[in-house]
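If you're matching positions, the sequence shown starts at 85 in our numbering and goes up one per residue. Backbone N, C-alpha and C fix where the C-beta goes; we use that ideal spot for every residue, glycine too. Report on the following structure.
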Amino acid sequence: MFARERYEPKNVLVVEDSADDVELLLIAARTAPDVVSFHMVKDGEQALAYLKGEGQFADRKAHPLPHLVLLDLSLPGMDGFEVLAWIRQHPEFSALKVFVWTDSGDPGALDRAIRTGANRFVPKSVSFVRGGLTGLVRGIAQAIPDPVETESQ
């Protein structure tokens, strides 16, 4: 069982309201289906419900805790900054990696995201160039330690 866990896909919660962006990400994910498993939500409220395991996300087999959150900053209702702040205020998620995935070129917004606790900024404009999304999927997989690495630390 221990060795099997090492090869299970790494769970990524994608918080993104653009259906087109989600579709492009899912197409890229097909290049590494055994490496990364994406779980999608459309807004900040759903992201928090997912992380808390509430409502439609209560079944942890269907909605496992993520190893990483790929977070859009511009969301309807609760925006990405509020989601990021909530994650960082809850000690049970202190080790959760959060990559901000946005098309905002505003340096102030990017600085604010880093100060709020984002681990990395991934510009959508770069992600959507030739081969970029496949690289993003591989980068996400590499950013999440394998269970063996986590347990030996």
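How long is the line joining the alpha carbons of residue 181 and residue 161, rounded to whole angstroms?
C-alpha separation (whole angstroms): 23 Å.
State the DSSP-derived secondary structure class of residue 126, mapped to helix, strand or coil.
Residue state, collapsed to three classes: coil.
Rank 141, 156, 155 by C-alpha distance to the C-alpha of residue 149 and give the top, closest one.
The shortest CA-to-CA distance from residue 149 to any of 141, 156, 155 is the one to 141.
Quick one, which of 157, 156, 221, 135 has its alpha-carbon nearest residue 36's?
Only positions 85 to 237 of the chain appear in the structure, and residue 36 is not among them; the question remains open.
Residues bridged to residue 221 [DSSP beta-bridge criterion]
Bridge partners of residue 221 according to DSSP: none are assigned.
If you follow the alpha helix (DSSP H) that residue 99 is in, where does it begin and where does it stop?
Here residue 99 belongs to no alpha helix (DSSP H); instead the beta strand (DSSP E) covers 94-99.
For residue 243: DSSP bridge partner residues
This structure gives no information on residue 243, because the portion of the chain shown stretches from 85 to 237.
Three or more C-beta pairs under 8 Å: does that hold for the segment 91-110 against the segment 197-206?
No, because fewer than three Cβ pairs between the segment 91-110 and the segment 197-206 fall closer than 8 Å, the two stretches do not touch.
Could you tell me the distance, in whole angstroms, from the CA atom of residue 166 to the CA atom of residue 175?
Residue 166 and residue 175 have their alpha carbons spaced roughly 16 Å apart.
Which of the three DSSP states, helix, strand or coil, is assigned to residue 106?
Helix.
Are residue 125 and residue 94 touching if we call contact CB-CB under 9 Å?
One thing to note: residue 125 has its Cβ no nearer than 9 Å to the Cβ of residue 94.
Measuring CB to CB, does residue 184 end up less than 9 Å from residue 112?
No.
Using 10 angstroms around the beta-carbon of residue 169, count the other beta-carbons present and answer buried if the total reaches 16, otherwise exposed.
Exposed, since its Cβ has fewer than 16 Cβ neighbours within 10 Å.
If you reduce the DSSP assignment to three classes, tell me which class residue 145 lands in.
In this structure, residue 145 counts as coil in the three-state DSSP scheme.
Which of helix, strand or coil DSSP assigns to residue 119:
Coil.
When the distance is taken between beta carbons, is residue 131 closer than 9 Å to residue 139?
No, these two residues do not count as a Cβ contact at 9 Å.
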